[in-house]
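**Q** Chains as they are written, first to last, in this note's numbering: chain S, 99 to 583; chain B, 433 to 865.
Just dropping this structure here.
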Amino acid sequence: MRYRQAYFEEPLLFEKGSNETEPLTDGLLPRSLVRESLNIPNLPENDVMRHYTHLSEMSFGVDTGFYPLGSCTMKYNPKFTEELSSLPEAARIHPCQDEETVQGALRLMYELQQMLKVISGMDAVTLQPSAGAAGEFTGLLLAKAYHEDRGEHRTQVILPDTAHGTNFASAAMAGFEVIEIPSKEGLVDLEALKATVSTNTLAFMLTNPNTLGIFEPDILEIAEIVHGAGGLLYYDGANLNAIMGKTSPGRMNFDIVHFNLHKTFSTPHGGGGPGAGPVGVKEPLESYLPVPVIHQDGNDLKLDYDRPKTIGKVHSWFGNFGMFVRAYAYIIRMGGDGLTRASERAVLNANYLRSRLQKVLELPYQELRKHEFVVSCSKLKERGLRAADVAKRLMDFGFHPPTIYFPHLVDECMMIEPTETESKETLDSFADAIDTILTESPDVLKSAPHNTAVSRVDEVLAARNPILSWRMWQEQKKADSEKPQ
Amino acid sequence: MLEALSIASVDELFKDIPESVRTNGLTLPAGISEAEVVARVKKLLGTNKTAEKLPTFLGAGIYDHFIPSAVRAIQSRGEFYTSYTPYQPEISQGVLQSLFEYQSLVCELTGMHAANTSMYDWSTALGEAALMAHRIHGGKEFVVSRAIGRERLQVLRSYTSGIGLLIKLVEFDANTGQLDLDMLKSQISPETCGVYFENPNFFGVFEEKVDEIRSIAPSVLVVGANPLSLAITRPPGDYGADITIGEGQGLGNPPSYGGPLLGVFAAKKEHIRKMPGRIIGMSKDAEGKRAFCMTLQTREQHIRRQNATSNICTNEALVSIASAAYMAVLGGNGLRKLAVENLTAARELARSINHLRRFKAPMFKGAHFNEFTVRSKIPYSRVHRELLRRGLHGGLSLQDRFPELGHVALFSTTEVHGEAERERLVRALGAIE
Numbered sequence: 099m100r101y102r103q104a105y106f107e108e109p110l111l112f113e114k115g116s117n118e119t120e121p122l123t124d125g126l127l128p129r130s131l132v133r134e135s136l137n138i139p140n141l142p143e144n145d146v147m148r149h150y151t152h153l154s155e156m157s158f159g160v161d162t163g164f165y166p167l168g169s170c171t172m173k174y175n176p177k178f179t180e181e182l183s184s185l186p187e188a189a190r191i192h193p194c195q196d197e198e199t200v201q202g203a204l205r206l207m208y209e210l211q212q213m214l215k216v217i218s219g220m221d222a223v224t225l226q227p228s229a230g231a232a233g234e235f236t237g238l239l240l241a242k243a244y245h246e247d248r249g250e251h252r253t254q255v256i257l258p259d260t261a262h263g264t265n266f267a268s269a270a271m272a273g274f275e276v277i278e279i280p281s282k283e284g285l286v287d288l289e290a291l292k293a294t295v296s297t298n299t300l301a302f303m304l305t306n307p308n309t310l311g312i313f314e315p316d317i318l319e320i321a322e323i324v325h326g327a328g329g330l331l332y333y334d335g336a337n338l339n340a341i342m343g344k345t346s347p348g349r350m351n352f353d354i355v356h357f358n359l360h361k362t363f364s365t366p367h368g369g370g371g372p373g374a375g376p377v378g379v380k381e382p383l384e385s386y387l388p389v390p391v392i393h394q395d396g397n398d399l400k401l402d403y404d405r406p407k408t409i410g411k412v413h414s415w416f417g418n419f420g421m422f423v424r425a426y427a428y429i430i431r432m433g434g435d436g437l438t439r440a441s442e443r444a445v446l447n448a449n450y451l452r453s454r455l456q457k458v459l460e461l462p463y464q465e466l467r468k469h470e471f472v473v474s475c476s477k478l479k480e481r482g483l484r485a486a487d488v489a490k491r492l493m494d495f496g497f498h499p500p501t502i503y504f505p506h507l508v509d510e511c512m513m514i515e516p517t518e519t520e521s522k523e524t525l526d527s528f529a530d531a532i533d534t535i536l537t538e539s540p541d542v543l544k545s546a547p548h549n550t551a552v553s554r555v556d557e558v559l560a561a562r563n564p565i566l567s568w569r570m571w572q573e574q575k576k577a578d579s580e581k582p583q
Numbered sequence: 433m434l435e436a437l438s439i440a441s442v443d444e445l446f447k448d449i450p451e452s453v454r455t456n457g458l459t460l461p462a463g464i465s466e467a468e469v470v471a472r473v474k475k476l477l478g479t480n481k482t483a484e485k486l487p488t489f490l491g492a493g494i495y496d497h498f499i500p501s502a503v504r505a506i507q508s509r510g511e512f513y514t515s516y517t518p519y520q521p522e523i524s525q526g527v528l529q530s531l532f533e534y535q536s537l538v539c540e541l542t543g544m545h546a547a548n549t550s551m552y553d554w555s556t557a558l559g560e561a562a563l564m565a566h567r568i569h570g571g572k573e574f575v576v577s578r579a580i581g582r583e584r585l586q587v588l589r590s591y592t593s594g595i596g597l598l599i600k601l602v603e604f605d606a607n608t609g610q611l612d613l614d615m616l617k618s619q620i621s622p623e624t625c626g627v628y629f630e631n632p633n634f635f636g637v638f639e640e641k642v643d644e645i646r647s648i649a650p651s652v653l654v655v656g657a658n659p660l661s662l663a664i665t666r667p668p669g670d671y672g673a674d675i676t677i678g679e680g681q682g683l684g685n686p687p688s689y690g691g692p693l694l695g696v697f698a699a700k701k702e703h704i705r706k707m708p709g710r711i712i713g714m715s716k717d718a719e720g721k722r723a724f725c726m727t728l729q730t731r732e733q734h735i736r737r738q739n740a741t742s743n744i745c746t747n748e749a750l751v752s753i754a755s756a757a758y759m760a761v762l763g764g765n766g767l768r769k770l771a772v773e774n775l776t777a778a779r780e781l782a783r784s785i786n787h788l789r790r791f792k793a794p795m796f797k798g799a800h801f802n803e804f805t806v807r808s809k810i811p812y813s814r815v816h817r818e819l820l821r822r823g824l825h826g827g828l829s830l831q832d833r834f835p836e837l838g839h840v841a842l843f844s845t846t847e848v849h850g851e852a853e854r855e856r857l858v859r860a861l862g863a864i865e
């Protein structure tokens, strides 16, 4: 299937309307505070609607087509969950409302926590972090509080070289030294881990299956090594979609886990967010969870702020409630059996697509993968091509490209996660497109994409000469026009 | 597909999970139909008292504004809400341009030159701003007005615990509610990497001596603002703020029990390489057409890992797009009209409450925006219960937050309240014995 994205030479909002500012009445504000002009255009509503309709047609979502962006779990977002989250009973309640007036919201959050506990095999859950990275940061603060409560000042976070970039950044932001250990055959190198853990180890962060899509079979031994040194084991929940009902972070002896509700539980990704990154912990870490904690008091639910050992807060209120409504609705729609089937289907889809692509691209390490896999395009270098060229060309066939150049240990890689919501026909058409692309002339690939709104965007220019707002652009144009010829 | 993989059942795909860690399904109830889910969730949430049924005079950073249907229609376009971070610019121009426009609108409101596409909320924006101030200046102390939300202070402490930033508080003047400038001076040291205050502050009071504050603050000046107020007041960029942050929820997004929200984050041009978060830049495509892409990515976690300026990846992009659409639908003059309407309504409401025997409003003398403090001669907890009994939700009690103020609550009103609701509130307050 070929694809042709719409293109509109769509002006910026600022290029469309008048910005003539109406004056304020006198005496409204102290004179020193008054603002005389505001450069925001004034447009008729239908023009605004058309503007955004054009822009949306120059965008690509799961609703548009296959979106196998590895590690992002771009599954279909059911529409009923959207509708539920925008009900006034979900949307028009204020976070400072008296608890007795928001019992439904508290009940939904409480039950969602219970469900996440079952899915993850953990003992307690906080919904507060807004995204996966915020969950990681929260988890590490919990680990720090746990150790400090025991009189231990541990400063190192150990990460495998396959870890998501956020793991490194979260550890640094929480104030820890990052120690990276190399993988062996795409798996955690137990000897390297043994040699690295010490009384200084705060935590080891891991996702299982890892970012290559390979399940770490020695997970219990890994846990033993980390726990043996007194460290904690952190589960990056980005890859939870692979294992629901088959195993759980709790069962694998992880102490802390974050969930990505926008991945596993199908809340939409919104062009980059909002998501939600709840964190689950084993009992010894429960007393450190962020405040408030929801607790049952007779038939009522209450918000408990009186938690002396808490790490404090990581979000203004209780987290991204709108996402909780969607995830809750998704989970009860699927049920325990449905979620298990989702993981089975996600793994089947990934392995089917893997089996097709390994015929034409290199598959490093073992064959069996979980919900995603990584292939290398390094052989294409002989023809002067890179993974990015294949990725760009895939757009011409109506597919969003996979994640590219991650994980770093595989040269020229593409990381592909089809998810469970795609049909065999879609997977086949994607594999067919790759087959076709690999037979095309290098020039076609290097100049791709051809069928999207714009052709290859000059990202180097954007970084070298940053224009980040209308205002910066106007100033630059002015400066350019004043330059002597 | 099983055949293609030469396997008999899907179980074989899980044989790499050792028996020792296997679980046998999930002990959750079986799935139910879409219709049943909808009915169940509606029933569950139905017990919430919404602003429709219970006129609510809460603010404190989260505001229930009327949202034009066009905003929801724009935000609900599947191409927007089912997409992700626009890593591939050629196929994502619409999302990218929308976010570039959001950045541009934020810059116009705040008077800054650069903005990112979002932080999670105002509190995390403050945490990130403090970290950025430290990156710029290097000092280990951050001076903060005490007239800010407790939540923001708590998140600020979480965010800066890693680098061990010392947070020093500055009191407010008991009469005006504005920043105590003498104390501000005394809290500044060579280690001060930044100063943070809010305008309007937590009590709804405008800081009027902003130029003086700028001259006292030797390093990075961070200002927090209600974006709507900036439609009619002097923007922080105008008085030399290095970073301006705020809560963008009120621009076209419902309160949603406190999330998703929108952390507004804008900075001076000279600081752009020290900013956290995703930033969209203008560029060209291979044919020379105007095009947009994510830029300055070498600041970010997926490239720079532990040396990134922040760990943020997933953000609040769709909320940003909704906010931009809201600003576009209202237009500059519409935003100004709304800001004036809210300010005037709050002022009149305060005046009416002040006429009541048992209440004083506002208790601070400084000029207010859309909220104000009410001091009560009877315990506010009783006032709150009486209002609830009469089908109204009063303001936020400040008893825990500012115990020295006595029985004080923070009230806010927006255009969703008609005259009738405000009158009901005044009558109800007047009737409390």
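All C-beta atoms, glycine included, are put in the ideal place defined by N, C-alpha and C.
In terms of residues, what are the limits of the beta strand (DSSP E) holding S:Phe471?
**A** Here residue 471 of chain S refers to the residue found at position 373 of the first sequence. It spans 471–474 - the beta strand (DSSP E) in which S:Phe471 sits, taken as one unbroken run.
**Q** At what residue ranges does the region 295–381 of chain S contain a whole run of the beta strand (DSSP E), taking only runs of 3 or more?
**A** As far as the region 295–381 of chain S is concerned, its whole beta strand (DSSP E) runs of at least 3 residues are 299–304, 330–335, 354–357, 377–379.
**Q** Going by Cα to Cα distance, which pick from B:Ser590, B:Phe791, B:Asp605 is closest to B:Ile599?
**A** For the purposes of this step, residue 599 of chain B is taken as residue 167 along the second sequence, with counting starting at 1. Of the candidates B:Ser590, B:Phe791, B:Asp605, the one whose C-alpha sits nearest the C-alpha of B:Ile599 is B:Ser590.
**Q** Please look up how many angstroms separate the CB atoms of S:Glu470 and S:Gly249, rounded, as I've assumed it's under 8 Å.
**A** Here residue 470 of chain S refers to the residue found at position 372 when the first sequence is read from its first residue. Here residue 249 of chain S refers to the residue found at position 151 when the first sequence is read from its first residue. The pair is not a contact, with the Cβ atoms about 41 Å apart (cut-off 8 Å).
**Q** Would S:Met513 and S:Phe504 qualify as a contact pair, given that the criterion is a beta-carbon distance under 7 Å?
**A** As a first step, residue 513 of chain S is located in the first sequence; it is residue number 415 there, counting from the start. As a first step, residue 504 of chain S is located in the first sequence; it is residue number 406 there, counting from the start. Taking 7 Å as the Cβ cut-off, S:Met513 and S:Phe504 qualify as a contacting pair.
**Q** Along the chain, which unbroken stretches of the alpha helix (DSSP H) at least 4 residues long are found entirely within the region 207–256 of chain S?
**A** Listed in chain order, they are 230–247.
**Q** S:Ile317 versus chain B: which residues are under 7 Å apart at the beta carbon?
**A** Along the first sequence, one-based indexing puts residue 317 of chain S at 219. The answer, in chain order, is Val453.
**Q** List the DSSP bridge partners of S:Asn140.
**A** Walking along the first sequence from the start, residue 140 of chain S turns up at place 42. For S:Asn140, which the question treats as bridged, DSSP gives the partners S:Ser116.
**Q** Nearest CA to the CA of B:Gln733: which residue from S:His367, S:Ile535, S:Thr264?
**A** Within the second sequence, residue 733 of chain B is the residue found at index 301, counting from 1. That would be S:Thr264, whose Cα lies nearest to the Cα of B:Gln733.
**Q** Can you give me the Cβ contacts of B:Arg856 inside the same chain, cut-off strictly under 6 Å, excluding the 5 residues immediately before and after it?
**A** In the second sequence, counting from the first residue as 1, residue 856 of chain B sits at position 424. For B:Arg856, where only same-chain residues beyond five positions count, there are no Cβ hits under 6 Å.
**Q** Is S:Asp334 near S:Thr305, with beta carbons less than 7 Å apart?
**A** For the purposes of this step, residue 334 of chain S is taken as residue 236 along the first sequence, with counting starting at 1. For the purposes of this step, residue 305 of chain S is taken as residue 207 along the first sequence, with counting starting at 1. Yes, the pair counts as a contact, with Cβ atoms nearer than the cut-off.
**Q** Quick one: what does DSSP say S:Pro186 is sitting in, helix, strand or coil?
**A** The count along the first sequence starts at 1 and reaches residue 186 of chain S at position 88. The answer is helix: DSSP assigns S:Pro186 an H, G or I state.
**Q** Please determine if the region 191–203 of chain S and the region 468–485 of chain B are in contact, where contact requires at least 3 C-beta pairs separated by less than 8 Å.
**A** In short, these stretches touch, since the Cβ pair count reaches three.
**Q** Going by C-alpha to C-alpha distance, which of S:Leu238, S:Ile430, S:Asp530 sits closest to S:Arg100?
**A** Locating residue 100 of chain S in the first sequence gives position 2, counting from the first residue. S:Arg100 has its Cα closest to that of S:Asp530, out of S:Leu238, S:Ile430, S:Asp530.
**Q** Once you ignore the five residues that flank B:Arg705 on each side, which residues in its own chain have a CB closer than 6 Å to its CB?
**A** Residue numbering aside, residue 705 of chain B sits at position 273 when the second sequence is read from its first letter. Correct list: empty, nothing qualifies.
**Q** Please work out which residues of its chain come closer than 8 Å, Cβ to Cβ, to S:Tyr208, disregarding the five sequence neighbours upstream and downstream, and give them in chain order.
**A** Position 110 of the first sequence, counting from 1, holds the residue named residue 208 of chain S. Correct list, in chain order: Ile392, Gln394, Leu399.
**Q** Considering only the alpha carbon of each residue, which of B:Asp614, B:Ala565, B:Glu468 lies closest to B:Ile675?
**A** Working through the second sequence from its first residue, we reach residue 675 of chain B at position 243. The candidate whose alpha carbon is nearest that of B:Ile675 is B:Ala565.
**Q** For B:Ile506 and chain S, any beta-carbon pair shorter than 7 Å?
**A** Taking the second sequence and counting its residues from 1, one reaches residue 506 of chain B at position 74. B:Ile506 counts as touching chain S.
**Q** On the CB-based measure, 16 or more other CB atoms within 10 Å of its CB, does B:Asp496 come out buried or exposed?
**A** Reading the second sequence from its first residue, position 64 is the one you call residue 496 of chain B. Buried, by the Cβ-count rule.
**Q** If you measure beta-carbon to beta-carbon, which residues of the region 352–379 of chain S are closer than 7 Å to chain B?
**A** Cβ contacts with chain B come from His360, Pro366, His367, Gly368, Gly369, Gly370, Gly371, Pro372, Gly373.
**Q** Within 7 Å of any Cβ in chain B, is that where the Cβ of S:Pro564 sits?
**A** Numbered from 1 along the first sequence, position 466 holds the residue referred to as residue 564 of chain S. So yes, S:Pro564 belongs to the interface.
**Q** Should S:Gly328 be flagged as near chain B, meaning a C-beta pair shorter than 7 Å?
**A** Within the first sequence, the letter at position 230 stands for residue 328 of chain S. Not closer than 7 Å to any Cβ of chain B, the Cβ of S:Gly328 fails to qualify, so no.
**Q** Would you report the Cα separation of B:Glu640 and S:Ser228, rounded to the nearest angstrom?
**A** In the second sequence, residue 640 of chain B corresponds to position 208, counting from 1. In the first sequence, residue 228 of chain S corresponds to position 130, counting from 1. So the alpha carbons of these two residues sit roughly 34 Å apart.
**Q** How is S:His393 classed by DSSP in three states: helix, strand or coil?
**A** Position 295 of the first sequence, counting from 1, holds the residue named residue 393 of chain S. Correct three-state label for S:His393: strand.
**Q** Would you decide whether S:Tyr457 is buried or exposed? Buried here means 16 or more other CB atoms lie within 10 Å of its CB.
**A** Residue 457 of chain S sits at position 359 when you count from the first residue of the first sequence. In the sequence on display, residue 457 of chain S carries Lys and not Tyr. Result: exposed.
**Q** Do the region 735–752 of chain B and the region 207–222 of chain S make contact, defined as three or more Cβ pairs closer than 8 Å?
**A** Segments in contact, no.
**Q** Taking the alpha-carbon of S:Ser474 as reference, which of S:Leu459, S:Lys468, S:Glu480 has the nearest alpha-carbon?
**A** By 1-based counting over the first sequence, the position of residue 474 of chain S is 376. With distances taken between Cα atoms, S:Ser474 lies closest to S:Leu459.
**Q** Leaving out the 5 sequence neighbours to the left and right, which residues in its chain are closer than 6 Å to B:Val442 when beta-carbon positions are compared?
**A** Taking the first residue of the second sequence as 1, we reach residue 442 of chain B at position 10. Hits under 6 Å: none found.
**Q** CB B:Asp670 to CB B:Gly764, shorter than 7 Å?
**A** The sequence position of residue 670 of chain B within the second sequence is 238, counting from 1. The sequence position of residue 764 of chain B within the second sequence is 332, counting from 1. Cβ distance not < 7 Å, so B:Asp670 and B:Gly764 don't count as in contact.
**Q** In the DSSP output, what is B:Arg454 paired with across the bridge?
**A** Along the second sequence, read from residue 1 onward, the residue named residue 454 of chain B stands at position 22. None, per the DSSP bridge assignment.
**Q** Output, in chain order, the set of chain S residues within a Cβ distance shorter than 7 Å of B:Ala436.
**A** Position 4 of the second sequence, counted from the start, is the residue given in the question as residue 436 of chain B. Simply Tyr450, Ser453.
**Q** Can you tell which of S:Asn339, S:Thr309, S:Lys344, S:Phe352 has its C-alpha closest to the C-alpha of S:Glu319?
**A** For the purposes of this step, residue 319 of chain S is taken as the residue at position 221 of the first sequence. Residue S:Phe352 is the option with its Cα nearest to S:Glu319.
**Q** Tell me the residue span of the alpha helix (DSSP H) that contains S:Phe266.
**A** For the purposes of this step, residue 266 of chain S is taken as residue 168 along the first sequence, with counting starting at 1. Counting along the chain, the alpha helix (DSSP H) containing S:Phe266 begins and ends at 263–271.
**Q** Does B:Ser715 come within less than 7 Å of chain S when only Cβ atoms are used?
**A** As a working mapping, residue 715 of chain B is identified with position 283 in the second sequence. Yes, contact with chain S.
**Q** Ignoring anything shorter than 3 residues, give me the beta strand (DSSP E) runs that lie fully in the region 809–859 of chain B, in order along the chain.
**A** Entirely contained in the region 809–859 of chain B, the beta strand (DSSP E) runs reaching 3 residues are, in chain order, 840–844.
**Q** Sorted by chain position, which residues of the same chain lie with C-beta nearer than 7 Å to B:Gly678's C-beta, five sequence neighbours on each side aside?
**A** Position 246 of the second sequence holds residue 678 of chain B. Around B:Gly678: Trp554, Gly656, Ala657, Asn658, Pro659, Val696.
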